[in-house]
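K.L.:
Handing you this structure, nothing more for now.
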Amino acid sequence: MHREFLMGNEAIALGALAAGVNFVAGYPGTPSTEVLETVARRNPGTVYVEWSVNEKAAVEAAAGAAYAGARAMVTMKQVGLNVACDPVMSLEYIGVKGGMVIMVADDPGPISSQTEQDTRSFASFSKIPLFDPSSVKEAYEMIQEAFDFSQAYRTPVFFRATTRIDHAYESIDVKDPGAYLVHRAEGFVKDSSKWVIFPGLSVRNHALIEERNAALTDTLSGYPRNRILPGCGAAAEGQDGAAAECPFPRKAVASHGISFMYTLDAFQGKARPDILRIATPFPFPEKLAADFLLGKEEVLCIEELDPVIERALIYVAGKYGLHVRIRGKLSGDVAPSGENTPDSVASALAAFLEEETLSGEAAVPGEVPPLPVRPPVLCAGCPHRASFYAVKQAMKGQKTFYGGDIGCYTLGNAQPLDMCDTCLCMGAGINIAQGIGRVEPDTKCFAFVGDSTFFASGITGVVNAVYNQADVTIVILDNSTTAMTGHQPHPGTGRTMMGQVHEPVKIERVLNAIGLTCVKTVDPLDLPLAVETVKRVSSEKGVKAVIFKSPCAAITKPDSRAAVDPDKCIGCKRCIRELGCPALTWDGNKAVIDSGQCTGCLLCAKVCPAAAIS
Amino acid sequence: MSRKDPINIIMCGVGGQGTILASRLIAAAAMKEGLEVHAAETIGMAQRGGSVFTHIRLGEQAHAAQIGKGRADLLIGFEPAEAVRMLGFLKKEGKAIVSMQPIRPVSAMLGMSPYPEEEILSFLKEKVSGLTLVDSVRAAKDLGSSRCLNVVLLGAALRSGALGLDEEHILCALQERLPEKLHALNERALHYI
Numbered sequence: 138m139h140r141e142f143l144m145g146n147e148a149i150a151l152g153a154l155a156a157g158v159n160f161v162a163g164y165p166g167t168p169s170t171e172v173l174e175t176v177a178r179r180n181p182g183t184v185y186v187e188w189s190v191n192e193k194a195a196v197e198a199a200a201g202a203a204y205a206g207a208r209a210m211v212t213m214k215q216v217g218l219n220v221a222c223d224p225v226m227s228l229e230y231i232g233v234k235g236g237m238v239i240m241v242a243d244d245p246g247p248i249s250s251q252t253e254q255d256t257r258s259f260a261s262f263s264k265i266p267l268f269d270p271s272s273v274k275e276a277y278e279m280i281q282e283a284f285d286f287s288q289a290y291r292t293p294v295f296f297r298a299t300t301r302i303d304h305a306y307e308s309i310d311v312k313d314p315g316a317y318l319v320h321r322a323e324g325f326v327k328d329s330s331k332w333v334i335f336p337g338l339s340v341r342n343h344a345l346i347e348e349r350n351a352a353l354t355d356t357l358s359g360y361p362r363n364r365i366l367p368g369c370g371a372a373a374e375g376q377d378g379a380a381a382e383c384p385f386p387r388k389a390v391a392s393h394g395i396s397f398m399y400t401l402d403a404f405q406g407k408a409r410p411d412i413l414r415i416a417t418p419f420p421f422p423e424k425l426a427a428d429f430l431l432g433k434e435e436v437l438c439i440e441e442l443d444p445v446i447e448r449a450l451i452y453v454a455g456k457y458g459l460h461v462r463i464r465g466k467l468s469g470d471v472a473p474s475g476e477n478t479p480d481s482v483a484s485a486l487a488a489f490l491e492e493e494t495l496s497g498e499a500a501v502p503g504e505v506p507p508l509p510v511r512p513p514v515l516c517a518g519c520p521h522r523a524s525f526y527a528v529k530q531a532m533k534g535q536k537t538f539y540g541g542d543i544g545c546y547t548l549g550n551a552q553p554l555d556m557c558d559t560c561l562c563m564g565a566g567i568n569i570a571q572g573i574g575r576v577e578p579d580t581k582c583f584a585f586v587g588d589s590t591f592f593a594s595g596i597t598g599v600v601n602a603v604y605n606q607a608d609v610t611i612v613i614l615d616n617s618t619t620a621m622t623g624h625q626p627h628p629g630t631g632r633t634m635m636g637q638v639h640e641p642v643k644i645e646r647v648l649n650a651i652g653l654t655c656v657k658t659v660d661p662l663d664l665p666l667a668v669e670t671v672k673r674v675s676s677e678k679g680v681k682a683v684i685f686k687s688p689c690a691a692i693t694k695p696d697s698r699a700a701v702d703p704d705k706c707i708g709c710k711r712c713i714r715e716l717g718c719p720a721l722t723w724d725g726n727k728a729v730i731d732s733g734q735c736t737g738c739l740l741c742a743k744v745c746p747a748a749a750i751s
Numbered sequence: 003m004s005r006k007d008p009i010n011i012i013m014c015g016v017g018g019q020g021t022i023l024a025s026r027l028i029a030a031a032a033m034k035e036g037l038e039v040h041a042a043e044t045i046g047m048a049q050r051g052g053s054v055f056t057h058i059r060l061g062e063q064a065h066a067a068q069i070g071k072g073r074a075d076l077l078i079g080f081e082p083a084e085a086v087r088m089l090g091f092l093k094k095e096g097k098a099i100v101s102m103q104p105i106r107p108v109s110a111m112l113g114m115s116p117y118p119e120e121e122i123l124s125f126l127k128e129k130v131s132g133l134t135l136v137d138s139v140r141a142a143k144d145l146g147s148s149r150c151l152n153v154v155l156l157g158a159a160l161r162s163g164a165l166g167l168d169e170e171h172i173l174c175a176l177q178e179r180l181p182e183k184l185h186a187l188n189e190r191a192l193h194y195i
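These protein sequences, in sequence, are chains Y and A.
Residues are numbered in this note's numbering as their position in the first sequence, beginning at 1, plus a constant of 137.
Residues are numbered in this note's numbering as their position in the second sequence, beginning at 1, plus a constant of 2.
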């Protein structure tokens, strides 16, 4: 063992390596991305790692590996699970031979996601057991247990952490590579009665799954991470405390995940009631919960996202005939949506226990002066800014629709660009633009999609458009990387996570093969040509495409910086007003360029009416 | 405060200011002292020019990395408006180290968002008794580099006594993390305040 300062996602990756994982696939998505990246970086040489084209492909490839007896892991963010839903739902009916862990990162808040969906609810829907860690250290240990459990029960399992665990850091003890478990896959054994999902097999296996999960509610009551912490009195000076008598014998708290840690922090050094911690919300440890509820009058559920524990406790109370009031989200004691914080948890606990406060006392408790908002913006020198600006200039005065998509370029919605009218989910913009066009035939419909998103789920939308004879301009923002999640390679880069470099999958060729005859590739930083290209392409009928090709500013070294000549600047603010580049600032009279941020893209120079920037 | 209570530190600023290196240095120094470390920082979309913050907790009694309001012993603000935004975390007798130089977002330049510089600075001076304001423009001029503001602020935090770490360990962590040609500059930055 040795000690490292690890991000939760790194700890999950090292835990998987320690558990002898053989195969890891995933698709990037905050807050899950670092798991797969860490597996690749710390690969002892025995693990196959890939960024798959999307989450569905990742789950299917991992299922194949697990059918062949390998230990497999798939990584994704919570909305990625929606993409992978089809294979996941069916896979539970088939089962696996090697252990298979589906690592899903949930994002309460949401901080970087479209939805606040709770994978714990998906677990009961799909009937797949789920592990829900509370800390980085526990995540490291628990994922190893998840592999063993999966292999023992021949079922895929979910391992679900939230942003505050995925992206938290802790100093923890981890195994040396020499101590990693070595798991050898025995290979795929043909047996169509087992691996081919026909209705007869499904109905038989469905019954077995229900039987297994019912039995697991007992088994998991004995899983040490599902546990009851007995209540205690306030810690006396200089003591740890557990000896003093608990002043809340009839009240109790149930919690999970990071909220369990917030609960422990709120009670630090103070009296606390009994606490039930749930590590496997599905199958729910019913016996343990029934023991916990016995003799209690009221239980407050401190949980994040769906009231999973709250509903389960209400169910257990009914099933065992226990007279106890379960409170939480459904009773209005805890906010039904949004992320929990140490403060929201402390105030819910204080209200429940009728304590004056469990919160800290701030140095400055009152009002503060008005503060600037800092929404995330496209980086200085980002080629997407130039692409959006070119389309905006080209279509000036025309009735347009701009379908956006998922990636850095969603930020094109912000002022002053205002070039993203919709955003729904990966690849949706291309189809939404078609729908808008059917209802508003006089609108010029555009769909912006990034290179990685195009490969992940954009291609089917283009096929749909061609097949159904839509009138739409597809704008591919090709910056040669998956920028938003931290620059992962994708099919268009030709680089893989195993270090190979091969012929990239060319977007232009894909579009041609689908049947597009008008596909123009242009550098968006060549503004006049970019504007001209958009005008020409968008005037064609049917499905056509512009590929704006220019590398992400964050992965290229700037070769020069732009500067404003204060003698020439007429102070019109046009550069600031039209581009919204964070490197452009205002000194009160003239525009100024922050050389620390500027990449020398010179888009502002092309916009300046006084030729003051060079 | 008993020695068992964790030391809670909030760092805040704007994406790209070097808050992450500063938090890594604190974590590495604390680990050298045998302390357990929890930390959480802004990652992802918000990094693109947005407000960023780091929570760091040192000591075995910390459970989550997130610090509650009114619980931070120390606040290190890389930007004055961001320091005010996070001020609610600072506990009553806590210390604050704040760089005076404002960074105006695009929204303020377009006139869509306020930035009352004078009001923000005088608010800090009036309300925070344990405040050290750092003139980062002058520091950059004196040191010949604007890239080591993080280490200047870290030095001021050491001097305030609220960090509770040994300067030797910070220096050692610095040397382990930075290329040798930057050692002298950063050592001067650490001792600037």
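Glycine is no exception: its CB is placed at the ideal position from the N, C-alpha and C atoms.
Note that the structure is a prediction, hence the values are computed from the model and not measured.
With a threshold of 8 Å on Cβ separation, who are the neighbours of residue 622/Y within its own chain once the five nearest residues in sequence on each side are excluded?
P.N.:
Closer than 8 Å at the Cβ level, and outside the excluded window around residue 622/Y, lie 165, 166, 167, 170.
K.L.:
For residue 596/Y, which residues of its own chain have a beta-carbon under 7 Å away from its beta-carbon, when the five flanking residues on both sides are left out?
P.N.:
Around residue 596/Y: 647.
K.L.:
What are the residues that DSSP puts in a beta bridge with residue 625/Y?
P.N.:
619/Y, per the DSSP bridge assignment.
K.L.:
Does residue 100/A have its Cβ less than 8 Å from a Cβ in chain Y?
P.N.:
No, residue 100/A lies away from the interface with chain Y (no Cβ there is under 8 Å from its Cβ).
K.L.:
Does the distance from the CB of residue 24/A to the CB of residue 42/A come in under 8 Å?
P.N.:
For residue 24/A and residue 42/A, no; Cβs fall outside 8 Å.
K.L.:
May I have the straight-line CA-CA distance separating residue 654/Y from residue 232/Y, to the nearest angstrom?
P.N.:
C-alpha separation (whole angstroms): 45 Å.
K.L.:
If we count the other Cβ atoms within 10 Å of its Cβ and call it buried at 16 or more, is residue 152/A buried or exposed?
P.N.:
Its Cβ being crowded by 16 or more others within 10 Å, residue 152/A is buried.
K.L.:
Which value, in whole angstroms, describes the spacing of the CA atoms of residue 405/Y and residue 165/A?
P.N.:
Their backbone Cα atoms lie some 21 Å apart in a straight line.
K.L.:
Pick helix, strand or coil for residue 75/A, following the three-state DSSP scheme.
P.N.:
In the structure shown, residue 75/A sits in a strand (DSSP, three-state: E or B).
K.L.:
Judging by CA-CA distance, which residue of 184/A, 20/A, 102/A, 13/A is the nearest neighbour of residue 57/A?
P.N.:
When each option's Cα is compared against that of residue 57/A, the closest is 13/A.
K.L.:
Using a Cβ-Cβ distance under 8 Å, would residue 543/Y count as near chain A?
P.N.:
Not one chain A Cβ lies under 8 Å of residue 543/Y.
K.L.:
How would you list, in chain order, the residues of chain A whose beta-carbon sits under 7 Å from the beta-carbon of residue 247/Y?
P.N.:
In chain order: nothing, as chain A lies at least about 11 Å away.
K.L.:
Do residue 719/Y and residue 528/Y have their C-beta atoms within less than 8 Å of each other?
P.N.:
Taking 8 Å as the Cβ cut-off, residue 719/Y and residue 528/Y do not qualify as a contacting pair.
K.L.:
Might you give, ordered along the chain, the residues of its own chain that have their beta carbon closer than 6 Å to the beta carbon of residue 97/Y, omitting 5 neighbours on each side?
P.N.:
Because chain Y spans 138 through 751 in this model, residue 97/Y falls outside it and cannot be assessed.
K.L.:
Quick one: list the residues of chain A neighbouring residue 508/Y, beta-carbon separation under 7 Å, in chain order.
P.N.:
Correct list: 83, 86, 87.
K.L.:
In the stretch 95-164 of chain A, which residue ranges form an unbroken alpha helix (DSSP H) of at least 4 residues, counting only runs that do not cross its ends?
P.N.:
The stretch 95-164 of chain A contains these whole alpha helix (DSSP H) runs: 108-111, 119-129, 138-145, 151-162.
K.L.:
Check the Cβ of residue 732/Y against every Cβ in chain A and list those closer than 8 Å, keeping chain order.
P.N.:
Ordered by position in chain A, no residue passes the 8 Å Cβ test against residue 732/Y, which lies about 10 Å from the chain.
K.L.:
With respect to the alpha helix (DSSP H) encompassing residue 291/Y, which residues constitute its N-terminal and C-terminal limits?
P.N.:
Residue 291/Y -> no alpha helix (DSSP H), and no H or E assigned at all.
K.L.:
Taking Cβ positions only, does residue 692/Y come closer than 8 Å to chain A?
P.N.:
Not one chain A Cβ lies under 8 Å of residue 692/Y.
K.L.:
Comparing C-alpha positions only, which one of 273/Y, 225/Y, 244/Y sits nearest to residue 141/Y?
P.N.:
When only C-alpha atoms are compared, the closest one is 273/Y.
K.L.:
Considering just the uninterrupted stretch of the alpha helix (DSSP H) at residue 183/Y, what are its terminal residues?
P.N.:
Taken as a continuous stretch (DSSP letters only), residue 183/Y belongs to no alpha helix (DSSP H), as it is neither H nor E.
K.L.:
Can you list, in chain order, the residues of the stretch 285-314 of chain Y whose Cβ is nearer than 8 Å to any Cβ on chain A?
P.N.:
So the list reads 301, 304, 305, 306, 307, 308, given in the order they occur along the chain.
K.L.:
Relative to the alpha-carbon of residue 631/Y, which residue among 413/Y, 641/Y, 228/Y, 271/Y has its alpha-carbon at the smallest distance?
P.N.:
It is 641/Y whose Cα lies nearest to the Cα of residue 631/Y.
K.L.:
Given this structure, state the Cα-to-Cα distance separating residue 285/Y from residue 470/Y, to the nearest angstrom.
P.N.:
Rounded to whole angstroms, residue 285/Y to residue 470/Y spans 38 Å at the Cα level.
K.L.:
Threshold first: 4 residues or longer. Then list the alpha helix (DSSP H) segments lying entirely within the stretch 457-534 of chain Y, N to C.
P.N.:
For the stretch 457-534 of chain Y, whole alpha helix (DSSP H) runs of length 4 or above, ordered along the chain, are 479-490, 520-531.
K.L.:
In the DSSP assignment, find the alpha helix (DSSP H) that holds residue 55/A and state where it starts and stops.
P.N.:
Unbroken run through residue 55/A is the beta strand (DSSP E), 53-60; no alpha helix (DSSP H).
K.L.:
Buried or exposed, going by whether 16 or more other CB atoms sit within 10 Å of the CB of residue 262/Y?
P.N.:
The residue is exposed, with fewer than 16 neighbouring Cβ atoms inside 10 Å.
K.L.:
Does the stretch 123-142 of chain A touch the stretch 733-740 of chain Y, meaning 3 or more C-beta pairs lie closer than 8 Å?
P.N.:
Touching, no.
K.L.:
Out of curiosity, what's the CA-to-CA distance linking residue 192/A and residue 628/Y?
P.N.:
Residue 192/A and residue 628/Y: Cα-Cα distance of roughly 45 Å.
K.L.:
Going by the C-beta, is residue 684/Y closer than 7 Å to any heavy atom of the ligand MG?
P.N.:
The model on display carries no ligand, and the ligand MG is accordingly not part of it.
K.L.:
Give a yes or no on whether 8 Å exceeds the smallest Cβ distance from residue 378/Y to chain A.
P.N.:
Unreliable placement is indicated for residue 378/Y, whose pLDDT of 47 sits below 50; the coordinate value is still reported in the next sentence. False, the Cβ-Cβ gap to chain A never drops below 8 Å.
K.L.:
Check the C-beta distance from residue 423/Y over to residue 464/Y and give it rounded, since I have them as a contact under 8 Å.
P.N.:
Contact doesn't hold; Cβ gap of about 19 Å is too wide.
K.L.:
Could you give the DSSP three-state label for residue 148/Y: helix, strand or coil?
P.N.:
Helix.
K.L.:
Considering only the alpha carbon of each residue, which of 62/A, 84/A, 34/A lies closest to residue 54/A?
P.N.:
Nearest C-alpha to residue 54/A: 84/A.
K.L.:
Pick from 349/Y, 192/Y, 280/Y: whose alpha carbon is nearest that of residue 208/Y?
P.N.:
Comparing Cα-Cα distances from residue 208/Y to each of 349/Y, 192/Y, 280/Y, the minimum goes to 280/Y.
K.L.:
Taking the alpha-carbon of residue 103/A as reference, which of 155/A, 37/A, 71/A, 39/A has the nearest alpha-carbon?
P.N.:
The option with the nearest alpha carbon to residue 103/A is 155/A.
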